[in-house]
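Asker:
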Amino acid sequence: MTVVEADRSPPLVETRLGGRFRLDERINVGDQISGTCGASWEAGGLSLWKATDELLGRPVTIYLLPAGRPVSPDLVAAVLAAAKVSDPRLATIYDTDFSADRPYLVSEWATGMNLEDLVLSGLPTPALAAAMIADAADALAVAHQAGRPHLRLTPRSLRWDSTGLKITGLGLDAALCGSRPDEDPMLADTRALARMLYALLTGCWPGEEATALPPAPRYKGRVCTPRQVRAGVPALLDAITYQALRGHAPDAPTRPLTPAALAMALHGVQRPSLRLVDPPELAGTGLAGTGLAGTGLAGTGLAGTGLAGTGLAESADGLDPIRRPGHAAWPWAERVQALPRESVSRRRARHARARGGLLHHTTLLRSAV
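Pasting the structure below:
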C-alpha cells in the first residue's frame, strides 16, 4: 500500500482523533480501490490515513469523512452490518465517530500486496491461484451468511501477506462510492471473485472495470477462456472459471452462483497423486491387469471420463498439492513417472470400475513451497 508522509507544516486536520488515534501517514486512495471512485472520494473531502491506536499500540486505517456534512444513512447501515461479521480474513471495524465536526471510521490496517500488484509481479501456479480465491470465497460466504455482501469487490480489495488473506472495504467501499450492483449482490460478489481467479490464471482482467492489468483477449465479443490464454491451466479449473464468469454454478448451471458454491468447487479440484500402487493393494478390486496400476488414475474417476488427457492427470504444469485453509497438511505424494496415456484402455477401465471397488489415491492441489 502506497503511503505519503504527513506534511510537516501546520496540519489541515487534527493529528489525533478521539484522544487515542494518531494520524501518521496519508494513504493514496487509488491503492485502496480500483476505478474512478478513489478520485471522487478525495474530491468529496474524504481521505484515508494510516494511524496508530495509542491505547492498544497497533496500526489502524482511518476513513476521515468530510467535516460539517451529515453522514449518509447507507454508510451508517453498512458500518453496523460489517461490524457484525466476524472472520479473521475480513478487515474489522474498530471504532466510529459520526459527530458533525469531525466524523471518522477506524478499521483494521491491512498489510501485504493487493491482487493487482501480485499479478503484475508474476503469476502464481494454477494450483495456488485456485487456493487463493477459494480462501476469499470462503470468507465472503461467511459475510453473506451474516447478511453483509461486499458489493464493490475489486483487485485492490484483496491483500495477502505472510499471515494470509485480508479483504478490505466490506460494504464500506460501495457505501462511500454510492454504487450498487445491477445484479443480485451474492451473484455480483461471486462473479467478481471469478474475475480475480481469471486474472491470477492469465494475468489479464476480464471485466469492464478500469485496472492496471491488461484487458483479457476476446473472440467474437466473448472473453477467451483461461486455457486459451495461458498454457498449463487444468481443464477443470478452466471450466469452473468460465462458468463462474458467466454467472453459472460450476457444478450445476441451474443452481444460483454463490461464494460458497465457488469455494466448494475450487476445494474439490483434485488430481491423481501419481503414486505407484503395490499389487497386493489391488487384490480383489478388479483393477489388476487393467493397465491402471502405477498410473495414479486407479480409482480417481478420471480414467474413461475423457479427462485423462486434459492436464488434470499430469504433473508437468506444477500442480502440487494445496493446503486447504483450516485443515491439516496433506501428505506429499511420491511423484513417479506415469505410464503413457496411450496404454490406458478406457473401455477396460470402465469395466474394471464396474467389477470392483474403487481405490482412491488422490490429493488436493497444493502450491509448491
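Per my numbering: the sequence shown = residues 51 to 419. Don't be surprised by glycine CBs; every beta carbon is placed ideally from N, CA and C.
#1: Go to GLU34, then tell me how far its alpha helix (DSSP H) extends in each direction, as first and last residue.
#2: From LEU247, THR65, ASP223 and ARG202, pick the residue whose C-alpha is nearest to that of ASP448; which is it?
#3: In the DSSP assignment, find the unbroken alpha helix (DSSP H) run with ILE290 in it and report its ends.
#4: Using the three-state DSSP reduction, which class does ASP147 fall into: helix, strand or coil?
#5: Give the DSSP-derived three-state secondary structure of VAL79 in the structure shown.
#6: Where LEU155 and MET182 are concerned, what is the direct C-alpha to C-alpha distance, given to the nearest angstrom?
#7: Using DSSP with H/G/I as helix, E/B as strand and the rest coil, what is ARG230?
#8: For ALA289 versus ALA244, is the C-beta distance shorter than 8 Å?
#9: Would you mind stating whether ALA260 and TYR248 have Cβ atoms separated by less than 8 Å?
#10: Return the residue from the list GLU158, ALA184 and LEU307 that minimises the CA-CA distance to LEU106.
#11: Measuring straight from C-alpha to C-alpha, what distance separates LEU237 and GLY68?
#12: Within its chain, find whatever has a CB closer than 6 Å to the CB of PHE148; leave out the 5 residues flanking it on each side and keep chain order.
#13: At which residues does the alpha helix (DSSP H) containing LEU250 begin and terminate?
#14: Tell me whether TRP255 counts as near the ligand ATP, meaning its Cβ is closer than 7 Å to at least one heavy atom of that ligand.
#15: Is the beta carbon of ASP141 less than 8 Å from the beta carbon of ALA160?
#16: What are the boundary residues of the beta strand (DSSP E) that ARG108 is part of?
#17: What three-state label does DSSP hand PRO265 in the structure shown?
#18: Which residue or residues does DSSP assign as beta-bridge partners of LYS100?
Answerer: Judging by the given coordinates:
#1: The chain is shown only over 51 to 419; residue 34 falls outside these bounds and no answer can be derived.
#2: Nothing can be reported for residue 448, as the shown portion of the chain is limited to 51 through 419.
#3: 285-295
#4: strand
#5: helix
#6: 28 Å
#7: coil
#8: No.
#9: no
#10: Per the C-alpha coordinates, the member of GLU158, ALA184 and LEU307 positioned closest to LEU106 is GLU158.
#11: 39 Å
#12: The residues are VAL121.
#13: 235-252
#14: With respect to small molecules bound, the structure shown includes none, and the ligand ATP cannot be examined in it.
#15: Correcting the residue type first, residue 141 is Ala in the shown sequence and not Asp. Yes.
#16: 108-114
#17: Of the three classes helix, strand and coil, the one that applies to PRO265 here is strand, per DSSP.
#18: GLU75 and THR111
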